[in-house]
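Since the structure comes first, as structure tokens, the remarks are kept for the end.
Number of protein chains: 2
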Amino acid sequence: MGRPPGNKPTSFDIAYLAGVSQPTVSRALRGSRSVSRATRERIEAIARDLNYSVDKNASSLRSQRSNTIALLFFEDPTPDESNINPFFLAMLGSITRQCGARGLDLLISFQKMEDDWHVRYQDSHRADGLILLGYGDYTLYQRRLTELVDHGTHFVRWGSVGADTIGPTVGSDNVGAGRLAGDHLLGLGRRRIAFLGQADEHYPEFADRYVGLCDAMAAQGIAPDPALQVDALTAEDAGHAAARTLIGRNAPFDAIFAASDLIAIGAMRALAEAGLTVPGDVAIVGFDDIPAASLTTPPLTTIMQDMKGAGQLLVDTLVAQVEDRPLPPTILPARLVVRRSTGG
Amino acid sequence: MGRPPGNKPTSFDIAYLAGVSQPTVSRALRGSRSVSRATRERIEAIARDLNYSVDKNASSLRSQRSNTIALLFFEDPTPDESNINPFFLAMLGSITRQCGARGLDLLISFQKMEDDWHVRYQDSHRADGLILLGYGDYTLYQRRLTELVDHGTHFVRWGSVGADTIGPTVGSDNVGAGRLAGDHLLGLGRRRIAFLGQADEHYPEFADRYVGLCDAMAAQGIAPDPALQVDALTAEDAGHAAARTLIGRNAPFDAIFAASDLIAIGAMRALAEAGLTVPGDVAIVGFDDIPAASLTTPPLTTIMQDMKGAGQLLVDTLVAQVEDRPLPPTILPARLVVRRSTGG
DNA sequence: CGCCAGCAGGCATACGTATGCGCATATTAT
DNA sequence: ATAATATGCGCATACGTATGCCTGCTGGCG
Numbered sequence: 077m078g079r080p081p082g083n084k085p086t087s088f089d090i091a092y093l094a095g096v097s098q099p100t101v102s103r104a105l106r107g108s109r110s111v112s113r114a115t116r117e118r119i120e121a122i123a124r125d126l127n128y129s130v131d132k133n134a135s136s137l138r139s140q141r142s143n144t145i146a147l148l149f150f151e152d153p154t155p156d157e158s159n160i161n162p163f164f165l166a167m168l169g170s171i172t173r174q175c176g177a178r179g180l181d182l183l184i185s186f187q188k189m190e191d192d193w194h195v196r197y198q199d200s201h202r203a204d205g206l207i208l209l210g211y212g213d214y215t216l217y218q219r220r221l222t223e224l225v226d227h228g229t230h231f232v233r234w235g236s237v238g239a240d241t242i243g244p245t246v247g248s249d250n251v252g253a254g255r256l257a258g259d260h261l262l263g264l265g266r267r268r269i270a271f272l273g274q275a276d277e278h279y280p281e282f283a284d285r286y287v288g289l290c291d292a293m294a295a296q297g298i299a300p301d302p303a304l305q306v307d308a309l310t311a312e313d314a315g316h317a318a319a320r321t322l323i324g325r326n327a328p329f330d331a332i333f334a335a336s337d338l339i340a341i342g343a344m345r346a347l348a349e350a351g352l353t354v355p356g357d358v359a360i361v362g363f364d365d366i367p368a369a370s371l372t373t374p375p376l377t378t379i380m381q382d383m384k385g386a387g388q389l390l391v392d393t394l395v396a397q398v399e400d401r402p403l404p405p406t407i408l409p410a411r412l413v414v415r416r417s418t419g420g
Numbered sequence: 077m078g079r080p081p082g083n084k085p086t087s088f089d090i091a092y093l094a095g096v097s098q099p100t101v102s103r104a105l106r107g108s109r110s111v112s113r114a115t116r117e118r119i120e121a122i123a124r125d126l127n128y129s130v131d132k133n134a135s136s137l138r139s140q141r142s143n144t145i146a147l148l149f150f151e152d153p154t155p156d157e158s159n160i161n162p163f164f165l166a167m168l169g170s171i172t173r174q175c176g177a178r179g180l181d182l183l184i185s186f187q188k189m190e191d192d193w194h195v196r197y198q199d200s201h202r203a204d205g206l207i208l209l210g211y212g213d214y215t216l217y218q219r220r221l222t223e224l225v226d227h228g229t230h231f232v233r234w235g236s237v238g239a240d241t242i243g244p245t246v247g248s249d250n251v252g253a254g255r256l257a258g259d260h261l262l263g264l265g266r267r268r269i270a271f272l273g274q275a276d277e278h279y280p281e282f283a284d285r286y287v288g289l290c291d292a293m294a295a296q297g298i299a300p301d302p303a304l305q306v307d308a309l310t311a312e313d314a315g316h317a318a319a320r321t322l323i324g325r326n327a328p329f330d331a332i333f334a335a336s337d338l339i340a341i342g343a344m345r346a347l348a349e350a351g352l353t354v355p356g357d358v359a360i361v362g363f364d365d366i367p368a369a370s371l372t373t374p375p376l377t378t379i380m381q382d383m384k385g386a387g388q389l390l391v392d393t394l395v396a397q398v399e400d401r402p403l404p405p406t407i408l409p410a411r412l413v414v415r416r417s418t419g420g
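Residue numbers (this note's numbering), protein chains in the order written: chain A, 77 to 420; chain B, 77 to 420.
Have a look at this one:
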């Protein structure tokens, strides 16, 4: 029937003590209905007593299910390695929480775009699926995604949800968010609204935000002025540089919608240097609501994405995919957070 | 000898193709010296060809080594769940990097102090050891640590390295850092230096920073004035409140050393509200060098901890412990980053 | 009173790898 | 030439769990 309890307790040890077979222990602990209630409770008690915990490796090996997901984060190689996008942290928080709630383990890794992580995780049964988070050039990224799809790897990514999106994608309603920002600024009487951020297909999220802004303006009969759009990646200096460019163009503007808070913060610095006041001369709206956004002077009006919903949706979508019941791609609404950079 | 290649390739498939036995494949791929070079290279080629990757679960099960470490982060329950300490992100970055370099997987989890994570990870063979990160009340934390030690769990924690420290600990030289801040302020001619932050044994890191400050002052023959120390946990409002308390005491001060950047930022807001200028009336030094520190007006002078070294040391110490070759506890030096909050 | 259904649990086995041990063949020493 | 050593590899097995299949028993029904 088994051996007496040894060192680290196994399901055999429990079986021995409970006077049942090992499979019964396994079934009992997994809550199988084919174990009587009495037996199950006896087994559970003994397990608790011995401080038993199921061996993850054996369990995963046998069931071919690791109950683990891998969170892969990557971005364009950054000069300063320690400077990680703060947005990521919020996402991480909500993802870990959702994993915890669903009893999943979370493996995490920062990746360079050049690595071949797409092979490692699922094939080695480290994880049942991947969550991909990344800011960066989407076109570079696309090849990797296609490889993953071809390989049959389970994954979900965070990003712009569009028609040409590769693989299951969860993202904010960037167009709607852009409209939100535009409407807010227009409501304040601003008419010459500049956009700081890439607006091309390499950065679809930013582009969507710009589209939303243009939508809002169009609704008021205002045509977008190309002189009021300046490319910028998401970094403080990029924002600073972009704002200087904008100022240098001598095209009048009374508002800025920045594609990220970091850009906005850099822009505010440039405005200050140019002697322009916020919000007097220029109202400014950022994006992301990073912690620093409420600490600037004046505090930054910004768009807050639904981080909590995002983590949940990413995990749920991934699990659904792993369990072979596909879920439609989903878009999360964003919210405007009004602070003094656009107000009195 | 084996079966022909099936679906997901296994070491048997490779063995079959290479005309050797499965154990030889295993040895070859692990670089065992008892496989001839020719055979090994043939096997490696086939493995690459088939896109083979070792099954993590089987491997870990057999070898009883998961090559995975778990990073557990916990702090006092915070009202706003999404508001995670930014310090953590930098640490996370350096830890993931070091794990990557050593071929370790990283499991991550945010924990409430009430959970019984201390049982789950090592017993279930999810991870070979734990890295514990936490800001919060150390005395609450101590019981958990003792349990871990008693249980024989491998772990390292980040925190104050002192005589009464429980378990292997890696941390910054907080006393030295406090001295650094003190010397800097004294060098600017400031004599009435306030400290904002807990100074009791519940928060030994903060306490150490205060000790360092007092050391520096003592070296100049200045005795610490209890009126110039105000408790504050690490949050912006706490800093704000503490600075208001300080101001309300009517004890003159010309400098503040804040136990964290968030406290410093809150304090700067309170100073501004009270009509005090920085650095004119009050010079201020923070701690952590969070991203927001360079974005305040004026930018904040602060202490930068050696994050890169920290991650490395944490991982290395943990691995050493797992491999049963203990390492001495280690202290990392910190650096002063001078910005305008203490300068012209 | 016999038969079929359903419940509770045992038996055997599979998951894929790593490793102690033993056995040839090749190499060197005596 | 023979014995001793090293080299390269196969055999058997263990790691701890989960699950398909089968069995014995209980009870309801005809």
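Using N, Cα and C, we set each Cβ at its ideal position, and we do this for glycine too.
Q. How would you write the range of the alpha helix (DSSP H) that Asp337 of chain A sits in, first residue to last?
A. Asp337 to Glu349
Practice problem: Please name the residue, chosen from A:Ser417, A:Thr418, A:Pro402 and A:Gly387, that lies closest to Gly176 of chain A on a Cα-to-Cα basis. | Solution: A:Gly387
Cα separation between Ala410 of chain B and Gln381 of chain B? 5 Å
Fill in: Between the CA atoms of Glu277 of chain A and Leu216 of chain A - distance to the nearest angstrom
11 Å
key: Residue-level contact to chain A via CB, His230 of chain B, 8 Å cutoff   = no
* Is Ser129 of chain A near Arg202 of chain A, with beta carbons less than 8 Å apart? -> no
*Residue-level contact to chain A via CB, Gly169 of chain B, 8 Å cutoff*: yes
- Item | Nonlocal neighbours in the same chain, by C-beta distance under 8 Å from Asn127 of chain B, ignoring five residues either side | Pro85
Practice item. Can you give me, in chain order, the residues of the segment 360 to 384 of chain A that have a beta carbon less than 9 Å from any beta carbon in chain B? Key: Ile366, Pro367, Ala368, Ser370, Leu371, Thr372, Thr373, Met383 and Lys384
Q.
For Leu338 of chain B and Gly362 of chain B, what's the separation of their Cα atoms in angstroms?
A. 8 Å
Requested in this report: Determine which residues of the segment 313 to 340 of chain A have a Cβ less than 8 Å from any Cβ of chain B, and write them out in chain order.
Outcome: none
For this session: Determine, using beta-carbon pairs with one atom in the segment 89 to 105 of chain B and one in the segment 384 to 402 of chain A, whether at least three such pairs fall under 8 Å.
Result: no
Is Gly176 of chain A close to chain B? Criterion is C-beta to C-beta, closer than 8 Å. yes
Is there a Cβ of chain A sitting closer than 8 Å to that of His201 of chain B, yes or no? yes
Under the three-state DSSP convention, the category Tyr211 of chain B falls into: strand
| Quick one: which chain A residues come within Cβ less than 7 Å of Ser136 of chain B? | Asn133
- Query: Can a CB atom of chain A be found closer than 8 Å to the CB of Val130 of chain B?
  - Reply: yes
Between Arg196 of chain A and chain B, is any beta-carbon pair separated by less than 8 Å? yes
> Is any beta-carbon of chain A found at less than 8 Å from that of Leu224 of chain B?
Replying inline: no
Query raised in the report: With a cut-off of 8 Å, does the C-beta of Thr353 of chain A fall near any C-beta of chain B?
Result: no
Quiz item: Which bits of chain B does Ser185 of chain A rub up against, with CB to CB less than 9 Å?
Solution: Thr172, Cys175, Gly176, Asp181 and Leu182
Ala292 of chain B and Arg255 of chain B closer than 8 Å at C-beta: yes
Q. Is Ala91 of chain B helix, strand or coil when you go by DSSP?
A. helix
(message) Spatial neighbours of Asp284 of chain B within its chain, please: C-beta separation below 7 Å, excluding the five flanking residues on both sides.
(response) Ser236, Asn250, Val251 and Gly254
| task | Within 10 angstroms of the Cβ of Arg116 of chain A, are there 16 or more other Cβ atoms? Answer buried if so, exposed if not. | result | buried
Practice item. If I'm right that Thr418 of chain B touches Ala359 of chain B with Cβ under 8 Å, what's the distance once you round it to whole angstroms? Key: 4 Å
* To do: Pull up the distance between the alpha-carbon of Pro374 of chain A and that of Thr372 of chain B, whole angstroms please.
  => 11 Å
TODO: Measure the alpha-carbon distance for Asp301 of chain B versus Ile269 of chain A and round it to whole angstroms.
DONE: 53 Å
message = Just to check my reading of the structure: Thr144 of chain B and Asp204 of chain B have Cβ atoms closer than 8 Å, yes? What is that Cβ distance to the nearest angstrom?
response = 6 Å
- Query: At a CB-CB cut-off below 7 Å, which residues of chain A make contact with Ser112 of chain B?
  - Reply: Within chain A, no residue comes near Ser112 of chain B; the closest Cβ sits about 26 Å away, beyond 7 Å.
Can you name the residues of chain A whose CB is closer than 9 Å to the CB of Ser142 of chain B?
Lys132 and Asn133
query: Can you tell which of B:Ile332, B:Glu281 and B:His316 has its C-alpha closest to the C-alpha of Gln305 of chain B?
result: B:Ile332
**Study point:** Min CB distance Leu165 of chain A to chain B below 8 Å
**Key:** yes
- Item | Alpha-carbon to alpha-carbon, Ala123 of chain A and Met77 of chain A | Bear in mind that the predicted position of Met77 of chain A carries a pLDDT of just 33, short of 50, making it too unreliable to give a figure here.
Requested in this report: Can you have a look at Lys132 of chain B and say buried or exposed, based on whether 16 or more other CB atoms are within 10 angstroms of its CB?
Outcome: buried
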